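Below you'll find the structure, written out as structure tokens, and then a few comments.
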Amino acid sequence: MLEVVAVCDAVLYSSWLLPVLVILIAIDGPFPVLPSETLLMTAAALAFGRHDVLAVVALFVVALVGSVAGDLLVFGLGRSSHRVLARAVEVEGGLSSWVRRRLLQRPAVVLVGARFMPGGRLLSTAAAGRFGLDVPRFLLGSVASSAAWSVYMLLIGLLLGPITGGSPLLSLLAGVVMAVLTAGVFALVQRVRAMRAAAAAPSGVGPALELVAPR
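For the sequence shown, position 129 (counting from the first letter as 1) is numbered 129 according to the UniProt record's numbering, and the numbering increases by one without interruption.
Written as structure tokens, this is what we have:
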């Protein structure tokens, strides 16, 4: 047990933690399977548990920078590749319809709102590139959504901090549990929405595209 604690402590207090988090959060944009949120929540819980204000501020900056960098990467892929958006739309049909209807009119609202839905970050940022949203408006929306997500992650760390008491092992366990619970809740909500949409849709009539991508 002592060896496990020592390993957790070494990882969470490593000088490589912050740059690795930036990279993981950025890559999590096009490839949302990396444990970036778990690691971020774990580090935040440890920082709050030990009342390390400097670490909390550093984690916020890291989360913000990594998130915006990842958004820009997916935005660029959306402009140059049909496959990224097509794959996202196929997985997230209901959300993609909402994004298509509102993206160009209220990009910041769409990017912030979609960010907290399963697959929403990939879908909304790729759609912004694919449908020709200009870079300044996209960047503004990306910064807003990234800041909201970063605060959300830190708030989870704030709630977990008193529970973990600054223990690296407990912080890691709490981060894993919260990541699993969050993913489960989002998946359940998405499933319920999909079932309601399927029940309400007329039989044999597919959803119309409100926004046509440029050729």
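C-beta atoms are modelled at their ideal positions from N, C-alpha and C, and glycine is treated no differently.
All values reported here derive from a predicted model rather than from experimental measurement.
Please work out which residues of its chain come closer than 6 Å, Cβ to Cβ, to residue i, disregarding the five sequence neighbours upstream and downstream, and give them in chain order.
| i | result |
| --- | --- |
| Leu24 | Leu34, Ser36 |
| Ser144 | One point to set straight first is that residue 144 is Ala, not Ser, in the sequence displayed. Correct list, in chain order: Ala108, Val112. |
| Phe48 | Gly157, Leu158, Gly161 |
What does the alpha-carbon distance come out to for the pair residue i and residue j?
| i | j | result |
| --- | --- | --- |
| Leu159 | Ala45 | 8 Å |
| Val20 | Arg106 | 33 Å |
| Val135 | Val53 | 34 Å |
| Thr42 | Leu188 | 24 Å |
| Phe75 | Leu17 | 26 Å |
| Ser142 | Ser67 | 8 Å |
| Ile163 | Ala26 | 29 Å |
| Ser15 | Gly120 | 31 Å |
| residue 218 | Thr38 | Outside the modelled stretch of the chain, which goes from 1 to 215, sits residue 218, for which no answer is possible. |
| Ser80 | Leu40 | 31 Å |
| Ser146 | Arg115 | 8 Å |
For residue i, which residues of its own chain have a beta-carbon under 8 Å away from its beta-carbon, when the five flanking residues on both sides are left out?
| i | result |
| --- | --- |
| Leu103 | Val110, Ser124, Ala127, Ala128, Phe131, Leu133, Leu211 |
| Arg137 | Pro107, Ala108 |
With a threshold of 7 Å on Cβ separation, who are the neighbours of residue i within its own chain once the five nearest residues in sequence on each side are excluded?
| i | result |
| --- | --- |
| Leu154 | Ala44, Val56, Leu59, Phe60 |
| Gly78 | Val84, Leu85, Thr125, Ala126, Ala127, Ala128, Gly129, Arg130 |
| Val65 | Val22 |
| Val99 | Val110, Ala114, Leu123, Ser124, Ala127 |
Looking at the secondary structure, which residues open and close the alpha helix (DSSP H) in which residue i lies?
| i | result |
| --- | --- |
| Met41 | 36-49 |
| Pro107 | 107-115 |
| Asp71 | 53-80 |
| Pro19 | 17-27 |
| Gly129 | 120-130 |
When you compare the CB of residue i with every CB in chain D, is at least one pair closer than 9 Å?
| i | result |
| --- | --- |
| Trp149 | In the structure shown, chain D does not exist; there is a single protein chain. |
Can you confirm whether the region 55-72 touches the region 143-152 when touching is taken to mean that 3 or more C-beta pairs between the two stretches lie within less than 8 Å? Contact between the region 143-152 and the region 55-72 is present, with at least three C-beta pairs closer than 8 Å.
Below 8 Å, how does it come out for the region 67-74 and the region 108-127: are there three or more Cβ pairs, yes or no? These segments touch.
Given 8 Å as the limit, is there contact between the region 119-135 and the region 21-38, that is, 3 or more CB pairs closer than that? The answer is yes - the region 21-38 touches the region 119-135, with three or more Cβ pairs under 8 Å.
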